[in-house]
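Working notes, structure below.
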Amino acid sequence: MNRGILFLAMGCILFSICYVLLERRRIRKMTQRIEEMIRAAMKGSLHESSFDETQLSRLESTLAHYLAANEMSVKNLAAEKEKVNTLISDISHQTKTPISNLLLYSELLREETLSESAMESTAKIHDQAKKLRFLIDSLVKLSRLETGIIAVNPFAQSVSDLLLAIGEQYKPQAEAKGLELMVQVTEARAVFDKKWTLEAVGNIVDNAIKYTEKGTVTISVCSYELFTCIQIKDTGKGIRESEQAAVFGRFYRSRDVKDEKGVGIGLFLARQIIQSQGGYMKLSSTVGKGSEFSIYLPAVP
0 MNRGILFLAM GCILFSICYV LLERRRIRKM TQRIEEMIRA AMKGSLHESS FDETQLSRLE
60 STLAHYLAAN EMSVKNLAAE KEKVNTLISD ISHQTKTPIS NLLLYSELLR EETLSESAME
120 STAKIHDQAK KLRFLIDSLV KLSRLETGII AVNPFAQSVS DLLLAIGEQY KPQAEAKGLE
180 LMVQVTEARA VFDKKWTLEA VGNIVDNAIK YTEKGTVTIS VCSYELFTCI QIKDTGKGIR
240 ESEQAAVFGR FYRSRDVKDE KGVGIGLFLA RQIIQSQGGY MKLSSTVGKG SEFSIYLPAV
300 P
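This is how it looks when you write it as structure tokens:
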């Protein structure tokens, strides 16, 4: 009797051990298949398999359907994005000559003897044509950056050369408004693409001059262990705290400057350029006292 109970207990233990080992093996195989599905989905090469009707396999099947749907959504999004980028390129190509002609003829009209109202209308046509050209050029640059047609090439170089180029480019614009553009000479180095970073910093400096009526625009540099920071500080009207995150959005324009010239894409493009090089941007601003934009570029090791 006792011997029979002992054999029965041993049999139950052996059966339990075998069952646990089989279940562990089955779960391990299913986990491996799920991992393979996720990797395939990441590579864009997911193919569904046949599953049985156990609860674990239903989970596997549900995950496969989700990944397949997600992969399709990513492909559709990429296709739509490509269509938009192609459309932007086509618009840029088709409008280049008409916009150039608008600028040329408006400049010729300004040399004629016109009435005061006609001269004012001509100046507005010229300004709007320049605004349209800037908008289209910015959209083309942005679409090419996002699709990788134009790639940034960051490498270790002097920050001083970049800032001197900025100072030379924007000093006349600042002096025309009676502002002082101050550029700090520095020996700091950073990892960046000079052409694209020049455009990013230039967009911020252009905004600083545009929205500052009196005082200074100062460009300085701070060096940290991991980053080199370019700071653009102005004494302009400032940005409300509630809008400081939104100003980096595409086409966003603060209600305080909606009547000023601009299309609301400069800061968005600047941030995209800096992020594509492994950097980031910060904003600190006080209404009525000015703003400070900080551009952090990877420091030279």
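For the sequence shown, numbering that gives the first Met the number 0 begins at 0 and goes up steadily by one. Where is the CB? At the ideal position from N, CA and C, for every residue including glycine.
query                                                                                                                                                                                          : result
Are the beta-carbon atoms belonging to Thr-185 and Ser-159 less than 7 Å from one another?                                                                                                     : yes
From Gly-237 to Ser-284, what does the alpha carbon distance come to, in whole angstroms?                                                                                                      : 6 Å
When you compare only the Cα positions, how much space is there between Thr-94 and Gln-183?                                                                                                    : 40 Å
I need the boundaries of the beta strand (DSSP E) containing Pro-300, first residue and last residue.                                                                                          : Here Pro-300 belongs to no beta strand (DSSP E), and DSSP marks it neither H nor E.
Is there contact between the segment 160-169 and the segment 123-138, where contact requires at least three CB pairs shorter than 8 Å?                                                         : no
Counting C-beta neighbours from all protein chains within 10 Å, is the total for Leu-225 16 or more, i.e. buried, or is it exposed?                                                            : exposed
I need the DSSP call for Ser-49, collapsed to helix, strand or coil.                                                                                                                           : Low confidence applies here, because Ser-49 scores a pLDDT of 46, under 50, leaving its location unreliable; read the following figure in that light. Residue state, collapsed to three classes: coil.
On a CA-only basis, which of Thr-217, Lys-209, Tyr-223, Ser-290 is nearest Gln-243? Give me that one, please.                                                                                  : Ser-290
Alpha carbon to alpha carbon, how far is Val-299 from Gln-156?                                                                                                                                 : 8 Å
Please go through the same chain and pick out, in chain order, the residues whose beta-carbon is closer than 6 Å to the beta-carbon of Ser-222, but skip the five residues on each side of it. : Ala-187
Determine the extent of the alpha helix (DSSP H) in which Leu-161 is found, giving its start and end residues.                                                                                 : 158-175
Kindly indicate which residue of Asp-233, Arg-270, Phe-133 has the alpha-carbon position closest to the one of Gly-248.                                                                        : Arg-270
Per DSSP, which residues does Leu-296 bridge with? Please list them.                                                                                                                           : Thr-227
With a cut-off of 7 Å, does the C-beta of Lys-288 fall near any C-beta of chain D?                                                                                                             : The displayed structure is made up of one protein chain only, and chain D is not part of it.
So, are the CB atoms of Leu-108 and Thr-121 less than 7 Å apart?                                                                                                                               : yes
Compute the Euclidean distance between the alpha carbons of Arg-23 and Thr-30, then round it to the nearest angstrom.                                                                          : 10 Å
Is the beta carbon of Ile-294 sitting closer than 7 Å to the one on Met-280?                                                                                                                   : yes
Give the single residue among Arg-25, Lys-232, Ile-98 whose Cα lies nearest to the Cα of Ser-219.                                                                                              : Lys-232
Would DSSP call Lys-281 helix, strand or coil?                                                                                                                                                 : strand
Among residues of its own chain, excluding the 5 on either side of Leu-162, which ones have a beta-carbon nearer than 6 Å to its beta-carbon?                                                  : Val-182, Ile-218
Nearest by alpha-carbon distance to Asp-326: which of Lys-193, Ala-175, Leu-102, Thr-227 is it?                                                                                                : There is simply no residue 326 to check, as the chain begins at 0 and stops at 300 in what is shown.
Measure the CB-CB distance between Ser-275 and Val-151 and report whether it falls below 7 Å.                                                                                                  : yes
Judging by CA-CA distance, which residue of Cys-17, Ile-124, Gly-235, Arg-239 is the nearest neighbour of Lys-209?                                                                             : Gly-235
According to the Cβ coordinates, are Ala-189 and Leu-180 closer than 7 Å?                                                                                                                      : no
What number of angstroms, rounded off, separates the C-alpha of Pro-171 from the C-alpha of Pro-297?                                                                                           : 30 Å
Can you tell me whether Phe-14 is buried or exposed, with buried defined as 16 or more other CB within 10 angstroms of its CB?                                                                 : exposed
Reducing DSSP to helix, strand and coil, say where Asp-192 ends up.                                                                                                                            : coil
Starting from Glu-291, follow its DSSP beta bridges and name the residues at the other end.                                                                                                    : Lys-232, Ser-283
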